[in-house]
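Worksheet for the structure shown next.
There are 2 protein chains.
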Amino acid sequence: MASRNRVSCGLDIEFTEDLEESIENSSRNGYDFICANVVRQGCTPFETANLCNKLGGVTDTSFLFNSQEWASLVVGKLSYFPDLTSVVTEKRICAEEAVKQELHFVAFLSLPAIIVEIKSKNCSNIARMINTFLYEGHHNVHIWVKVPLHSRNCEEDTWHWWNKFRTLCSHHSRIGLALELTADLPSQLERWQGEPIRVVYIPTSVFLMNQKGFPVLSRAHQQFVKNLMKLNCQIVLSGPNLNNAEGILVYHQYLDHLFQGAQNLGEYEKFSKGYEDHLQAPLQPLMDNLESSTYEIFERDPIKYKKYEEAVYRCLLDQIPDSAKEQQTAVIMVLGAGRGPLVRMSLRGAKRAQRKVRLYAVEKNRNAAVLLQHLCTTEWKDYDVTVVSSDMRFWKAPELADIVVSELLGSLGDNELSPECLDGANRFLKPDAVSIPQSYTSYISPISSHKLYNEIKGVMGLDKNKTPEAAFETLYVVRIHNYHELTEPVPLFTFNHPNWDLDSQNPKPEFHADVSAEVWDKKFSKKDVKDKEDMETNGKTEVNQIQDSQHNHIDPTKANNQIKSTPTMPTNSHNTRYQQFSCTIPFDTMLHGFGGYFRCALYKDVEISIEPKTHSPGMFSWFPIFVPLMNPIPLTEGCTLQTDFWRCSNGKKVWYEWCVTSPQASQIHNPNGRSYTIGL
Amino acid sequence: MASRNRVSCGLDIEFTEDLEESIENSSRNGYDFICANVVRQGCTPFETANLCNKLGGVTDTSFLFNSQEWASLVVGKLSYFPDLTSVVTEKRICAEEAVKQELHFVAFLSLPAIIVEIKSKNCSNIARMINTFLYEGHHNVHIWVKVPLHSRNCEEDTWHWWNKFRTLCSHHSRIGLALELTADLPSQLERWQGEPIRVVYIPTSVFLMNQKGFPVLSRAHQQFVKNLMKLNCQIVLSGPNLNNAEGILVYHQYLDHLFQGAQNLGEYEKFSKGYEDHLQAPLQPLMDNLESSTYEIFERDPIKYKKYEEAVYRCLLDQIPDSAKEQQTAVIMVLGAGRGPLVRMSLRGAKRAQRKVRLYAVEKNRNAAVLLQHLCTTEWKDYDVTVVSSDMRFWKAPELADIVVSELLGSLGDNELSPECLDGANRFLKPDAVSIPQSYTSYISPISSHKLYNEIKGVMGLDKNKTPEAAFETLYVVRIHNYHELTEPVPLFTFNHPNWDLDSQNPKPEFHADVSAEVWDKKFSKKDVKDKEDMETNGKTEVNQIQDSQHNHIDPTKANNQIKSTPTMPTNSHNTRYQQFSCTIPFDTMLHGFGGYFRCALYKDVEISIEPKTHSPGMFSWFPIFVPLMNPIPLTEGCTLQTDFWRCSNGKKVWYEWCVTSPQASQIHNPNGRSYTIGL
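Heads up: the sequence lines are chains Z and V, in that order.
Per my numbering, the first sequence starts with residue 38, numbered consecutively.
Per my numbering, the second sequence starts with residue 38, numbered consecutively.
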């Protein structure tokens with residue numbers, strides 16, 4: 038998907054006496070390639086004896102080109118043979134033989150693609166021939182199935198022609214669409230956004246003339262074409278030049294003008310350029326340590342950290358009344374401090390709020406902790422910041438927190454195990470402590486995307502340690518692009534923090550009933566915090582200040598009665614979820630899976646969201662999740678789609694299972710986490 | 038599927054104080070096993086703390102058994118937890134925990150199976166738990182999903198409950214049905230015949246009392262139960278003893294009586310006992326040489342060869358009028374003579390018809406030809422029989438035939454390449470020659486069979502030379518047994534012989550236009566046939582009489598203008614076929630594939646058939662073909678099922694492709710013969 042700076046546009050050749058001249062002519066007018074028949078005009082379909090006379094393209098100049106030229110300048114067009122569906126065997130065999138000849142000739146010439154026109158839903162025989170062609174030989178020819186947007190001759194929905202064709206050919210990755218614009222636009226235009234449109238055929242007859250006599254498209258056509266250009270579609274102009282004065286050049290100029298208009302990208306689109314529909318395994322920051330470069334990318338987000346600053350600011354104002362701001366010090370613990378952005382934002386928030394804070398930067402990645410320690414002695418030397426190199430779930434905190442700040446969310450909210458991590462922090466929270474974020478909810482929406490389905494088919498079996506099906510039982514982080522959302526996202530799983538409920542299911546904690554925040558504030562008021570000035574004058578890295586997780590792991594024989602030190606996740610069943618949801622599907626379509634998003638309340642109405650309706654503008658830290666289905670499920674207009682999602686855990690790992698139960702059941706995906714789990 | 042000589046029947050235990058006593062009691066009354074809960078009565082579902090008090094089966098005697106006893110005497114019953122679908126998270130988690138405990142306890146005890154009752158279509162959560170259970174640990178517990186034949190509380194079709202459950206669990210092979218008989222029988226009883234029913238639950242309340250006061254089933258119930266017994270179902274009697282006088286013994290006696298009645302098998306059933314639903318790769322007799330033992334089995338068929346004798350007899354009577362029977366000698370060529378049964382039948386037919394024949398036994402399997410030669414000198418010493426060791430397609434015949442007799446049919450008729458073989462024989466036919474068989478037609482019917490689908494899943498990936506999907510793109514010969522035919526078979530492809538048409542498509546033959554049979558008769562009348570008496574007196578094996586195919590291969594440089602010696606299959610396109618067929622489905626069901634059969638006219642109305650409606654009684658040489666579908670397709674009552682079948686050829690091999698195009702499209706199976714071909 039190399040980005041272009043001008044429209045890629047071809048010219049459909051109905052008939053020419055001289056192929057070379059046609060190409061030169063179209064090139065002079067700005068066109069990049071031509072679409073032409075590979076068989077001479079007027080040839081009868083089944084001239085085995087005269088193969089040489091028949092094949093060879095539209096003119097005798099065909100053989101002037103070298104492979105490179107053929108591959109870049111000419112797209113073939115397959116002749117149309119209505120006899121392919123004839124019940125008269127001889128006629129059918131004759132047509133099949135002719136199709137074979139043309140296909141093999143296209144492969145011989147190494148054309149990049151051949152356009153196969155479909156004129157009705159009765160397309161199984163041509164689909165079979167194309168499918169066979171794709172499996173025979175070693176060529177790499179792409180198939181562009183030409184379908185009109187709107188059927189002129191019948192009331193049939195042409196999407197069904199295409200859907201049948203590609204399903205018969207099992208969504209083959211070399212099959213794409215050549216969608217022909219029609220003067221009438223059907224109502225369900227967006228549906229095509231999920232299809233692998235390679236080119237948009239625009240007949241000159243669809244153009245209107247503007248006041249100056251130049252060809253333009255109607256506003257609706259313009260918008261549709263621009264949307265498709267964003268999907269990297271090429272254009273093919275077809276039909277006679279209806280603008281004799283200026284020639285076909287002006288069509289190209291107009292189309293390039295549209296193309297330039299479609300290049301107006303927002304921040305998010307710019308950031309994600311090149312990542313479109315590219316599958317990524319979700320991060321497992323709990324099991325794996327992130328690299329500095331990964332932190333660096335996330336830190337560039339222009340929105341996320343501003344929101345965190347705002348949340349800390351608002352929270353501190355609420356927690357410490359103005360009257361107490363000189364006496365009280367809020368204890369803030371940043372859980373998963375990484376390279377320090379949340380520490381920085383917390384300090385900024387505190388400064389704005391004019392509240393005193395004592396800050397602990399807890400980070401399990403020991404490499405990142407080294408960097409944090411360096412920041413303590415430089416950027417944060419005037420603040421009370423303690424770096425703790427420990428997993429928050431096992432850290433023996435020296436005091437209780439007023440505020441814990443974390444950024445542990447995955448694209449689906451809970452999928453990087455934020456709930457489990459923050460549960461582990463319950464032990465060192467004051468009873469009225471606030472967690473930033475306070476809550477998050479995953480959202481899910483049914484999606485049609487030939488492209489994503491195919492991308493996953495493409496990675497099937499690549500991981501030899503897993504079954505081939507595992508590819509369809511994995512969640513992917515992906516900048517979903519060539520897709521169609523069937524309904525708006527609906528809420529899936531919600532988690533609230535701090536989750537005191539968990540303590541009623543797991544062994545009960547005692548401290549928050551009988552120990553007030555003040556007691557703990559007092560108890561730790563004399564805590565011996567290293568003198569930062571000493572550090573500076575000494576000019577040494579004060580490694581002792583990094584509390585080593587090795588020496589702070591919980592010793593169960595010395596259980597502290599007041600600071601609960603037992604991690605509270607013996608079963609983790611309180612973090613399991615089960616949700617059914619159903620929705621009505623507004624049109625015939627094909628379901629390939631689900632888009633996954635989150636919406637998160639950092640503090641009260643300070644939110645961050647990647648759920649499309651409420652997406653925080655310009656925030657690019659998270660691409661959506663794609664949850665695939667093993668087999669695409671056909672859905673008909675008005676049917677009820679019902680889906681079940683589970684979040685499961687066995688205390689050692691967390692995984693999701695999912696299935697469709699209506700209008701027809703799918704299998705349950707990822708049973709027992711056999712293909713994909715997230716390690717605790 | 039070891040065959041039993043008495044019914045296998047268990048007893049459902051509602052409640053017992055003493056498990057050991059219950060088992061002994063049921064055994065005394067003839068029952069083989071009991072079905073009992075694994076959890077004490079009255080236990081609340083979530084007593085983690087009291088696991089020991091809760092588990093352990095219905096009584097304290099549970100632990101008296103050893104593993105062998107547990108595995109053979111007791112089937113577990115899972116408690117029913119309506120809370121599994123509760124929207125109150127705590128209730129749901131509680132129920133899930135209880136289910137897990139019971140399942141794990143069953144696995145711990147090595148029970149053979151556990152019965153899981155479904156009471157509504159809302160079964161996705163229990164399905165997920167069962168599915169997870171099947172993928173965790175190393176146990177081998179089977180799941181018997183208990184579903185009533187007819188729902189008492191609602192109008193729902195209980196088949197849908199089952200269908201949803203097994204689809205969610207991807208047709209897992211360890212999931213079977215415990216189908217509960219109800220007093221009311223639904224109309225679509227046959228539909229259950231395609232399901233993996235392990236046990237039939239029969240409540241005592243379903244029994245009627247006969248005049249002598251003994252429990253019996255209604256005639257309709259009897260028939261249904263007998264049909265299921267033929268599928269090797271076990272029985273479980275449930276409910277209170279309603280026949281106090283005699284005890285539960287009499288139920289068992291009655292059920293065994295039904296069982297004995299179900300053992301009345303026809304010849305075909307007897308022959309195929311043990312082969313039910315067992316997948317076999319179709320023979321490739323053209324590519325491979327059959328073994329003597331394979332011929333031997335086929336020769337045992339009590340029907341097929343009688344039909345051939347009759348066909349030859351009738352054909353000779355038609356070909357040679359009574360008046361000419363002394364002067365004329367019919368030339369019969371047996372093509373693919375094997376170990377000689379068709380030679381034998383031809384000679385018998387000729388004897389009955391009192392016609393003179395000269396017979397060529399053509400056989401490409403040189404090993405079989407040795408045996409044929411031996412028969413020439415013994416059994417057939419008084420007849421004019423010449424053994425030819427050659428492939429009929431390349432044999433240079435010394436004269437032209439009046440009759441060719443062959444048995445080259447596969448289960449689907451043409452699938453062992455009879456059309457191609459007999460095309461190759463065209464060269465040595467008189468213009469009015471008759472082929473026995475004269476024609477054959479394949480038949481196909483849509484089939485629902487959980488069992489066959491699972492058998493194929495079971496062989497997926499076993500052939501490491503092929504992709505896993507190849508298993509679903511292969512045709513299987515199989516004694517289809519646990520299945521349900523959705524509609525009657527319809528004709529698919531027809532082949533007629535001799536096929537003179539082929540010569541108009543391939544290079545034209547000339548001889549049959551200008552050479553009459555008489556000319557050729559005369560021409561070869563002086564042919565030097567070996568004197569059989571010489572052979573006998575010499576007492577030697579006359580190896581020269583076996584025309585060696587090595588020396589009879591066609592020499593294209595010496596093309597005989599009159600006896601066409603060029604094999605007529607340069608493209609073989611005349612033997613390709615394409616057929617769409619559609620039918621209306623009378624009820625909701627699941628399509629797993631197609632049954633394939635043939636019907637063959639040997640001569641005029643002398644037929645052999647394995648098409649169910651017209652099956653030649655007692656003929657067992659062919660089991661049906663099963664044509665699988667990669668993904669089961671749900672069909673709803675009244676929908677139109679449309680299917681496309683192709684017979685393809687590239688001149689080197691033949692293969693089939695197939696797909697469903699309505700109500701929803703499947704992929705095209707076996708594109709370009711990638712998974713399964715038949716070599717020419």
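All residues carry an ideal CB built from backbone N, CA and C; glycine is no exception.
Item: Looking at the structure shown, is Z:K501 part of a helix, part of a strand, or coil, going by DSSP?; Value: coil
Item: So what does DSSP say about Z:N598, is it helix, strand or coil?; Value: Caution is warranted here: a pLDDT of 36 is assigned to Z:N598, below 50, making its placement in the model unreliable, and the coordinate value is therefore given only provisionally. Looking at Z:N598 - three-state DSSP - the assignment turns out to be coil, as it is neither helix nor strand.
Item: Please report how far the alpha carbon of Z:V496 lies from the alpha carbon of Z:S207, in whole angstroms.; Value: 16 Å
Item: Find out if the Cβ-Cβ distance for the pair Z:L245, Z:E232 is shorter than 7 Å.; Value: no
Item: What does the Cβ neighbour count give for Z:L205, buried or exposed, with the cut at 16 atoms within 10 Å?; Value: buried
Item: Going along chain Z, which residues have a C-beta under 7 Å from V:Y615?; Value: R129, N162
Item: Going by DSSP, what residue range makes up the beta strand (DSSP E) through V:W695?; Value: 690-699
Item: Given a threshold of 16 other Cβ atoms within 10 Å of its Cβ, counted over all protein chains shown, does V:R65 qualify as buried or as exposed?; Value: exposed
Item: Which of the three DSSP states, helix, strand or coil, is assigned to Z:D571?; Value: Residue placement at Z:D571 cannot be trusted, given a pLDDT of 37 that sits under 50; what the coordinates show is reported in the next sentence. If DSSP states are grouped into helix, strand and coil, Z:D571 belongs with the helices.
Item: Does V:Q365 come out as helix, strand or coil in the three-state DSSP assignment?; Value: coil
Item: When the distance is taken between beta carbons, is Z:C637 closer than 7 Å to Z:Y480?; Value: no
Item: Could you tell me the boundaries of the alpha helix (DSSP H) in which Z:K488 lies?; Value: 487-496
Item: Could you check the C-alpha separation between V:R256 and V:S686 for me, to the nearest Å?; Value: 52 Å
Item: Can you give me the Cβ contacts of Z:Y520 inside the same chain, cut-off strictly under 6 Å, excluding the 5 residues immediately before and after it?; Value: G231, I484, S486
Item: Would you mind reading off the limits of the beta strand (DSSP E) that contains Z:R256?; Value: Here Z:R256 belongs to no beta strand (DSSP E); instead the alpha helix (DSSP H) covers 256-267.
Item: Around the C-beta of Z:L265, are 16 or more other C-beta atoms found within 10 angstroms, so that it is buried, or is it exposed?; Value: buried
Item: So, are the CB atoms of V:Q410 and V:V424 less than 7 Å apart?; Value: yes
Item: Going straight from the alpha carbon of V:D592 to that of V:K433, what length do you get?; Value: Because the pLDDT of V:D592 is 40, which lies under 50, any placement of that residue in the model is unreliable, and the question is left without a value.
Item: By the 10 Å Cβ neighbour count, where 16 or more other Cβ atoms means buried, how is Z:T673 classified, buried or exposed?; Value: exposed
Item: In the DSSP assignment, what residue or residues form a beta bridge with V:R203?; Value: DSSP, once it has assigned bridges, lists no residue as partnering V:R203.
Item: Can you name the residues that DSSP bridges to V:L678?; Value: V:C620
Item: Going by DSSP, which residues form a beta bridge with Z:Y397?; Value: Z:M370, Z:T423
Item: Report the residue from V:H315, V:K393, V:R376, V:P319 whose alpha carbon sits nearest the alpha carbon of V:C352.; Value: V:K393
Item: Between the beta-carbon of Z:N278 and the beta-carbon of Z:I285, is there less than 7 Å?; Value: yes
Item: Which first and last residues belong to the beta strand (DSSP E) in which V:A132 is found?; Value: Segment 126-146 is the alpha helix (DSSP H) holding V:A132; no beta strand (DSSP E) there.
Item: Take V:K690 as the anchor and find which of V:L678, V:Q679, V:N709 has the nearest alpha-carbon.; Value: V:N709
Item: Closer than 7 Å, CB to CB, is V:E173 near chain Z or not?; Value: yes
Item: Counting only runs that start and end within the region 414-458 of chain Z, where is the beta strand (DSSP E) found for 3 or more residues in a row?; Value: 422-426, 438-443
Item: Can you tell me whether Z:Y30 is buried or exposed? The criterion is at least 16 other CB atoms within 10 Å of its CB, across all chains shown.; Value: Since the displayed chain Z opens at 38 and closes at 717, residue 30 of chain Z lies outside it and no answer follows.
Item: Starting from the Cα of V:K156, find the closest Cα among V:A150, V:V136, V:S188 and give me that residue.; Value: V:S188
Item: Is the shortest distance between the beta-carbon of V:K545 and the beta-carbons of chain Z less than 7 Å?; Value: Interpretation of V:K545 is limited by its pLDDT of 34, a score under 50 that renders its predicted location unreliable; no figure is taken from the coordinates.
Item: Counting along the chain, where does the alpha helix (DSSP H) carrying V:D355 start and finish?; Value: 341-356
Item: Shorter than 7 Å from the beta carbon of V:S17 to some beta carbon of chain Z?; Value: This structure gives no information on residue 17 of chain V, because the portion of chain V shown stretches from 38 to 717.
Item: Looking at C-alpha atoms only, which residue of Z:G633, Z:L639, Z:Y640 is the closest neighbour of Z:K650?; Value: Z:G633
Item: Kindly indicate the opening and closing residues of the alpha helix (DSSP H) around Z:V237.; Value: Z:V237 -> not in any alpha helix (DSSP H); beta strand (DSSP E) instead, spanning 234-240.
Item: Of all the CB atoms in chain Z, is at least one closer than 7 Å to the CB of V:S207?; Value: yes
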